[in-house]
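Student: One structure is given below, represented as structure tokens, and several questions about it will come after.
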Amino acid sequence: MKQRDQSNRPPKNVSKKSARGASGKSRSELRSNKANATRLRIIGGDMRGRHIYYHGESFTRPMKDSVRENLFNILGRAVRGAIAFDLFAGTGALAIESLSRGAVEAIAIEQSNRAAGHIKKTGESLSIESKLKVLVGDAFRWGETLLVAPDDPDDPKIGVPWIVFLSPPYIMWEEELEKLNAVINQVLREAPPGSVLVAETENTFDATRLPPGEWDLRVYGNVQLAFIEPATQCGLTC
Numbered sequence: 001m002k003q004r005d006q007s008n009r010p011p012k013n014v015s016k017k018s019a020r021g022a023s024g025k026s027r028s029e030l031r032s033n034k035a036n037a038t039r040l041r042i043i044g045g046d047m048r049g050r051h052i053y054y055h056g057e058s059f060t061r062p063m064k065d066s067v068r069e070n071l072f073n074i075l076g077r078a079v080r081g082a083i084a085f086d087l088f089a090g091t092g093a094l095a096i097e098s099l100s101r102g103a104v105e106a107i108a109i110e111q112s113n114r115a116a117g118h119i120k121k122t123g124e125s126l127s128i129e130s131k132l133k134v135l136v137g138d139a140f141r142w143g144e145t146l147l148v149a150p151d152d153p154d155d156p157k158i159g160v161p162w163i164v165f166l167s168p169p170y171i172m173w174e175e176e177l178e179k180l181n182a183v184i185n186q187v188l189r190e191a192p193p194g195s196v197l198v199a200e201t202e203n204t205f206d207a208t209r210l211p212p213g214e215w216d217l218r219v220y221g222n223v224q225l226a227f228i229e230p231a232t233q234c235g236l237t238c
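Residue 217 in the UniProt record's numbering sits at position 217 of the sequence shown; the count goes up by one each step and never skips.
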């Protein structure tokens, strides 16, 4: 298992209280966060520089732009032509960034009706409604249904690679680790060649608690990104 500290290009520190619903901030800080949150932007691709709507509430923890940029730089061409699954979507930034960079479809799953509505609002503003599917509900239940390889030989999605983003509230890596690992194992079983799964945790999380595999670990400040290719063909290595 490899771990790479990206300290040469560190993002601003991510608070350890950044899990959704656990901000512990004063009203003035929350007001400041709301003002800053509206500046979320798409980093690269066809929609580069366009804005992602973010209401600024503490129950959603958007990934910092600098971390998201590094994430997609690592994914590189693997995103093109893939289907993106954003299981704990929040603002939908990962799903939308994937579409900007050439994904053919993105599915954003978010438990909060309000947050899901904001993702739809962003999709409408960017005219990507036909490619961006927003589902409301439990990510684990949706994952069981969606993260399954097609068995119909005429299904046009057969063989289309997946990019799976697993970016839950950090506390879930302690409280719901078994369920999260079940999602990872399902992706490892079902994903077509060329697929990539990315798990976001705090940098203090022990990655040996993830399912066995060739994980590539990257650290950006307090954020750890763990990459794995379910199939050994193409993906990050092409």
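A virtual CB, placed ideally from N, CA and C, is assigned to each residue, including glycine.
Here the structure is a predicted model, which is why all the values come from computation and not from measurement.
Could you tell me the distance, in whole angstroms, from the CA atom of Thr208 to the CA atom of Val223?
Tutor: Each residue's alpha carbon lies about 16 Å from the other.
Student: For Glu105, list the residues DSSP reports as bridge partners.
Tutor: Note: Glu105 sits in a beta bridge opposite Ile83.
Student: Does the separation of the CB atoms of Val134 and Val164 fall below 7 Å?
Tutor: No.
Student: At what residue ranges does the region 180 to 225 contain a whole run of the beta strand (DSSP E), taking only runs of 3 or more?
Tutor: Complete beta strand (DSSP E) runs here, min 3: 196 to 202 and 216 to 220.
Student: How would you label Gly159, buried or exposed, when you count the other beta carbons within 10 angstroms and need 16 or more for buried?
Tutor: Exposed: under 16 other Cβ atoms inside 10 Å.
Student: Out of curiosity, what's the CA-to-CA distance linking Leu126 and Arg50?
Tutor: Distance between the alpha carbons of Leu126 and Arg50: 8 Å.
Student: To the nearest angstrom, report how far apart Ala226 and Pro62 are at their CA atoms.
Tutor: Distance between the alpha carbons of Ala226 and Pro62 is about 17 Å.
Student: Does the separation of the CB atoms of Ser100 and Ala106 fall below 7 Å?
Tutor: Not a contact, by the Cβ cut-off of 7 Å.
Student: Looking at C-alpha atoms only, which residue of Gly194, Asn203 and Gly221 is the closest neighbour of Gly76?
Tutor: Out of Gly194, Asn203 and Gly221, Gly194 has the C-alpha closest to the C-alpha of Gly76.
Student: With DSSP collapsed to three states, give me the class of Glu174.
Tutor: Helix.
Student: In whole angstroms, what is the alpha-carbon distance linking Pro169 and Glu202?
Tutor: Using only the alpha carbons, I get a separation of about 10 Å.
Student: Tell me which residues share the same chain as Ile83 and place their Cβ nearer than 8 Å to its Cβ, disregarding the 5 neighbours each side in the sequence.
Tutor: Excluding sequence neighbours, Ile83 sits near Ala103, Val104, Glu105, Ala106, Ile107, Lys157, Val160, Pro161, Trp162 and Ile163.
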